[in-house]
Every structure is written in structure tokens, then in C-alpha cells.
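Protein chains: 2
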Amino acid sequence: MDNQGVLAVISGFSGAGKGTLMRALLERYDNYALSISATTRAPREGEVDGREYFFKTREEFEQMIEHDELVEYAQYVGNYYGTPKEYVFSNLKAGKDVLLEIEIQGALKIKKKFPEAVLIFVTPPSAGELRNRLAGRGTETPEKIAARLSRAAEESKQMDDYDFILVNDEVDRCVEEMHALIQAMHARTENHKTLIEKIKEEMKQF
Amino acid sequence: MDNQGVLAVISGFSGAGKGTLMRALLERYDNYALSISATTRAPREGEVDGREYFFKTREEFEQMIEHDELVEYAQYVGNYYGTPKEYVFSNLKAGKDVLLEIEIQGALKIKKKFPEAVLIFVTPPSAGELRNRLAGRGTETPEKIAARLSRAAEESKQMDDYDFILVNDEVDRCVEEMHALIQAMHARTENHKTLIEKIKEEMKQF
Chain L
1 MDNQGVLAVI SGFSGAGKGT LMRALLERYD NYALSISATT RAPREGEVDG
51 REYFFKTREE FEQMIEHDEL VEYAQYVGNY YGTPKEYVFS NLKAGKDVLL
101 EIEIQGALKI KKKFPEAVLI FVTPPSAGEL RNRLAGRGTE TPEKIAARLS
151 RAAEESKQMD DYDFILVNDE VDRCVEEMHA LIQAMHARTE NHKTLIEKIK
201 EEMKQF
Chain R
1 MDNQGVLAVI SGFSGAGKGT LMRALLERYD NYALSISATT RAPREGEVDG
51 REYFFKTREE FEQMIEHDEL VEYAQYVGNY YGTPKEYVFS NLKAGKDVLL
101 EIEIQGALKI KKKFPEAVLI FVTPPSAGEL RNRLAGRGTE TPEKIAARLS
151 RAAEESKQMD DYDFILVNDE VDRCVEEMHA LIQAMHARTE NHKTLIEKIK
201 EEMKQF
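As they're listed, the protein sequences go chains L and R.
Residue numbers for the first sequence follow the UniProt record's numbering, so the first one is 1 and each next one is one higher.
Residue numbers for the second sequence follow the UniProt record's numbering, so the first one is 1 and each next one is one higher.
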């Protein structure tokens with residue numbers, strides 16, 4: 001369908017600044033909707049249903065799986081996490097660009113199922129910079145930082161499977177780059193099928 | 001290689017405004033180089049070797065074919081026309097984005113040989129608008145216009161093979177859209193192979 005929004009799937013190392021980038025996009029521009037995950041884990045203090053997550057019982061979640069109502073899902077530490085289709089596709093249909101932050105395995109699952117999804121990987125300019133940022137937060141134990149870095153090393157092996165790499169060296173520039181990239185994707189041929197058919201049809205008279 | 005330029009292959013109906021768009025890009029921004037074709041046809045008055053075309057003898061051109069020095073080539077009304085590799089790839093290597101205007105068959109040949117090429121099709125918003133523009137020029141006979149429209153009808157069948165469709169309804173907007181699109185393509189993963197390898201390597205210490 002023409003004038004559909006773009007499904008932008010965003011991954012990156014913990015500490016790469018994904019959250020900041022996405023918040024900035026949502027603040028600066030009106031065309032974005034942030035995909036909200038469903039989960040069976042209990043709400044934490046201050047979390048609101050439909051804002052941080054859609055909170056579901058195990059039974060409800062398994063019904064969603066059964067009815068193919070999820071873009072993807074996974075289990076993590078005994079709880080389900082997944083992306084409800086309804087929210088994503090109703091927003092895309094309304095012309096909104098949907099931002100979906102998700103780890104690599106989930107992102108690749110989405111790409112397989114929805115090849116029109118645009119996979120964006122956010123990385124700091126170097127591994128050293130990632131370590132500095134994580135250490136600089138001063139909020140985590142050396143063990144936690146080591147665990148994050150070791151996970152990043154694992155994740156780096158799949159960077160090649162993404163469509164685009166955004167280097168987050170300067171947040172403001174990176175936000176605008178991500179915005180320009182997602183907007184440019186509106187010109188993809190598959191987004192203009194109706195126009196192409198219309199032109200082909202009209203041209204039959206020539 | 002990282003920081004390579006983008007090879008932007010631009011096609012579109014005669015009368016879609018490709019020439020105007022490309023001239024505007026070259027005037028407004030420093031990062032573009034316009035690919036120049038080689039041909040065996042004789043120079044017309046005012047044409048300069050290396051500006052409109054690289055003018056070649058038949059023998060020289062056939063040597064270029066033999067030595068695989070052309071991105072693509074074709075014969076048209078008894079003359080060869082082709083795109084010299086040297087100029088395109090030395091500019092890409094220097095980080096310039098190369099604009100290559102070419103008809104559809106040539107564009108598809110290039111995509112097959114160089115999948116990293118970005119194929120952009122420029123179209124007016126409707127077939128009626130194309131007819132109005134061609135008639136509005138007032139420089140061509142009804143027969144010539146009919147021939148152009150009939151060719152456009154033929155060409156419209158292959159619009160789907162392009163990566164991007166740009167609707168040229170307002171030149172200024174379309175120039176900026178094409179620029180933003182080509183710039184966004186710099187973030188493609190294949191353009192960041194060196195960075196990815198560097199990060200993977202550095203992360204082995206974690």
C-alpha cells in the first residue's frame with residue numbers, strides 16, 4: 001500500500017545510546033510511533049499498562065501466540081516478551097513510522113517475516129568508547145559491565161545482517177541521520193505500488 | 001571499503017525532469033560527480049570531449065569492451081554508447097557520489113553487475129502530467145511526443161525493478177529528496193565493513 005509508514009527495527013549494543021536516540025526522534029518529529037511490547041512479567045513500581053508494556057497474564061499471552069497476534073516473541077527468565085501486531089500495523093497503515101527497539105535475534109526474526117522492515121544497528125565508533133561509556137555511568141559493578149561487554153562481543157558477530165549501521169558518536173547528528181534515513185525509506189519502490197499501477201494503467205492509452 | 005561514494009543510477013520517462021534534478025544536485029552540493037558516457041558518434045557543434053561525452057573511435061571503443069573497461073554498453077543507431085569504469089570507480093573510491101543517468105536496460109545491467117548501485121526512477125505524479133509537460137515544451141511535433149509517450153508506456157512496465165521511486169511534482173522538493181536519499185545510502189552495512197571488522201576485532205578482548 002502507498003503512504004504506509006516505515007517499520008524501523010533498532011538494535012545496538014547496551015550503552016550505544018538507542019534509548020536517547022529514539023526519545024529524541026519522538027520529541028522532535030510527529031511521524032513516529034514507538035512500538036510497545038507485551039509481557040507476562042509483573043509491572044514494576046511506576047510502570048503503566050500501555051506505556052512501558054502491555055501487561056498480560058500467561059494465559060492471555062499464549063492466546064496471542066495461538067492467534068498469531070505477535071510480530072515476534074521470546075521467553076526470558078521465565079517470562080514472555082513479544083511485539084503485538086495490532087499496534088504496529090495499525091500505526092503503519094495510518095502512515096506512522098514505527099520504531100521498534102529489540103535485540104538481535106528478535107530483529108532477525110522480524111526481517112524474515114516482514115522483509116520490508118528496515119534493520120538499523122546503532123554502534124559507538126569503537127569498542128573502547130563503548131567500554132568508557134558503560135564505565136562512565138558509574139551505576140554498575142565491574143561484573144555487570146563485563147557481562148554487558150561480553151554480550152556486545154557476541155552481538156557484534158551479527159552486525160552484518162543489518163541493513164544500516166549508524167555510528168552514534170554525536171547524539172544530535174545521529175538523531176538527524178536516523179530521521180533522514182527512515183524518511184528516505186518512504187521512497188522505496190514497494191511503497192509506491194499503487195502509484196506504479198495507476199501510471200501503468202493510464203499509460204495504456206498512449 | 002568504508003567511506004566509498006554511492007553509485008546512484010537514475011532513470012525516468014523522457015520529460016520527467018531528470019536532467020534538471022541532476023544539474024541542481026551538482027550545483028547545490030560538492031559531493032557529486034556526473035558520470036560521462038563514451039560514444040563513437042561524432043561530436044556535435046559545441047560538444048567538448050570529456051564534458052558531454054568521451055568521444056572514441058570504433059576501434060578504441062571495441063578495445064574498451066575487450067579490456068572490460070565499461071560498466072555497461074549498448075549500440076544505438078549504429079553507434080556505441082557506454083559507461084567507462086575508470087571514471088566511475090575512481091570517483092566512488094575518492095568518496096564522491098556518482099550520478100549516472102541511463103535508460104532502463106542499461107540500469108538493470110548495472111544493478112546485476114554491481115548490486116551496490118542504487119536504482120532511482122523519476123516519474124511525474126501521473127501519466128497525464130507527463131503528456132502535459134511534453135506538449136507544453138512546444139518544441140516537438142505531435143508525432144515525436146506520441147513516440148516519447150509510447151516509449152514511456154513501455155518503460156513503465158519495469159518501474160518495479162528499481163529500488164526507489166521519486167515523484168517529481170515539485171522540483172526543489174524532489175532535488176532535496178534525492179539528495180537525502182543518496183546520503184542516507186552511506187549508512188548501508190556494506191559501506192561499513194571496515195568499521196564492523198575493527199569493532200569485532202577490538203571486542204575479542206572483552
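Ideal Cβ placement from N, Cα and C applies to all residues, glycine included.
Predicted, not measured: the structure shown is a model, and the values here were computed from it.
Could you name the residues of the same chain whose beta carbon sits closer than 7 angstroms to that of residue i, not counting the 5 residues immediately before and after it, in chain order?
i: R/K85; result: E69, L70, V71
i: R/K109; result: E72
i: L/E116; result: L7, E190
i: L/L92; result: Q4, G5, L7, V98
i: L/E155; result: F13, I104
What are the boundary residues of the alpha helix (DSSP H) that includes residue i?
i: R/T39; result: Counting along the chain, R/T39 falls outside any alpha helix (DSSP H), though it belongs to the beta strand (DSSP E) covering 37 to 39.
i: R/H171; result: It should be noted that the sequence gives Val, not His, for residue 171 of chain R. 171 to 184 is the span of the alpha helix (DSSP H), which, as asked, contains R/V171.
i: L/E102; result: The question names Glu, but residue 102 of chain L is Ile in the sequence shown. It is not in any alpha helix (DSSP H) - L/I102 carries neither H nor E in the DSSP assignment.
i: R/F61; result: 58 to 66
i: L/E202; result: 193 to 203
i: L/G138; result: Premise fails: L/G138 is in no alpha helix (DSSP H) and is neither H nor E.
At a CB-CB cut-off below 7 angstroms, which residues of chain L make contact with residue i?
i: R/T123; result: I199
i: R/S156; result: I199, K200, M203
i: R/A184; result: A180, L181, A184
Please identify the residue among the options whose C-alpha is closest to the C-alpha of residue i.
i: L/V88; options: L/T40, L/L100, L/A152, L/M203; result: L/L100
i: L/M159; options: R/V175, R/T189, R/A135, R/A153; result: R/T189
i: L/A33; options: L/R51, L/E45, L/P43; result: L/R51
i: R/V118; options: R/K198, R/I182, R/K193; result: R/I182
i: R/R41; options: R/E170, R/R58, R/N31; result: R/R58
i: L/V9; options: L/K18, L/R133, L/D2; result: L/K18
i: residue 288 of chain R; options: R/E60, R/F164, R/G128, R/N31; result: Look at the range of chain R in this structure, 1 to 206, and you will see that residue 288 of chain R is not part of it.
i: L/A187; options: R/A187, R/C174, R/H186; result: R/C174
i: L/E62; options: L/D169, L/P124, L/E47, L/Y80; result: L/Y80
i: R/I199; options: L/S35, L/E66, L/I165, L/H67; result: L/I165
i: R/I102; options: R/A135, R/Y162, R/H67; result: R/Y162
i: R/A153; options: L/R23, L/A147, L/E176, L/M203; result: L/M203
i: R/E176; options: R/R23, R/G46, R/G15; result: R/R23
i: R/D169; options: R/E201, R/G138, R/S126, R/E66; result: R/S126
i: R/A107; options: R/E47, R/T141, R/A74, R/A16; result: R/A74
Give me the chain L residues within the contact set of residue i, using Cβ-Cβ distance strictly less than 9 angstroms, ordered along the chain.
i: R/Y162; result: T189
i: R/E116; result: Chain L residues near R/E116: none, gap ~13 angstroms exceeds 9 angstroms.
i: R/I165; result: A187, R188, T189, N191, H192, L195, I196
i: R/E143; result: Per Cβ cutoff of 9 angstroms: no residues; R/E143 is ~13 angstroms from chain L at best.
i: R/E45; result: Those within 9 angstroms of R/E45 in chain L number zero; the least Cβ separation is about 33 angstroms.
Name the chain R residues that come within less than 9 angstroms of residue i, Cβ to Cβ?
i: L/G128; result: E202
i: L/E66; result: Result: empty, since nearest Cβ-Cβ is about 36 angstroms, beyond 9 angstroms.
Considering residue i, what are the terminal residues of the beta strand (DSSP E) in which it resides?
i: R/A74; result: 70 to 76
i: L/Y53; result: 53 to 55
i: L/T83; result: 79 to 84
i: R/A33; result: 32 to 34
i: R/V167; result: 164 to 167
Can you list, in chain order, the residues of its chain whose CB lies under 8 angstroms from that of residue i, leaving out five sequence neighbours each side?
i: L/H179; result: L25, R28, Y29
i: R/D2; result: N191, H192, K193, T194, L195
i: L/T20; result: V171
i: R/R131; result: I145, L149
i: R/P43; result: D49, E52, Y53, F55
i: L/E143; result: none
i: L/A135; result: I145
i: R/K113; result: V71, E72
Considering only DSSP beta bridges, list what residue i is partnered with.
i: R/R148; result: DSSP output for R/R148 lists no bridge partner at all.
i: R/S11; result: R/F121
i: L/F89; result: In DSSP, L/F89 forms no bridge with anything.
i: L/D97; result: L/Y32
i: L/D49; result: L/Y53
i: L/R44; result: Note: L/R44 sits in no beta bridge, so no partner.
i: R/R188; result: L/F164
If you measure from the beta carbon of residue i to each beta carbon in chain B, is any gap under 7 angstroms?
i: L/L181; result: The structure shown contains no chain B; its protein chains are L and R.
Leaving out the 5 sequence neighbours to the left and right, which residues in its chain are closer than 6 angstroms to residue i when beta-carbon positions are compared?
i: L/Y53; result: S37, T39
i: R/Q105; result: none
i: R/K111; result: A117, L119
i: residue 207 of chain L; result: Past the boundaries of the shown model lies residue 207 of chain L; chain L is included only from 1 to 206, so the question cannot be answered.
i: R/F121; result: S11, G12, M159, Y162, I165
Is any non-hydrogen atom of the ligand FMN found closer than 6 angstroms to the C-beta of residue i, if you look at the structure I gave you?
i: R/R173; result: The ligand FMN is not part of the structure shown, which contains no ligands of any sort.
Residues of chain L with CB closer than 8 angstroms to the CB of residue i, please, in chain order.
i: R/A152; result: M203, F206
i: R/E101; result: Simply none; closest approach about 18 angstroms.
i: R/E60; result: Under the 8 angstroms cutoff, chain L gives no residues; its nearest Cβ is about 37 angstroms from R/E60.
Using the beta-carbon of each residue, which ones in chain R are nearer than 7 angstroms to residue i?
i: L/L149; result: F206
Residues of chain R with a CB under 8 angstroms from the CB of residue i: which are they?
i: L/E140; result: Simply none; closest approach about 15 angstroms.
i: L/M22; result: Those within 8 angstroms of L/M22 in chain R number zero; the least Cβ separation is about 16 angstroms.
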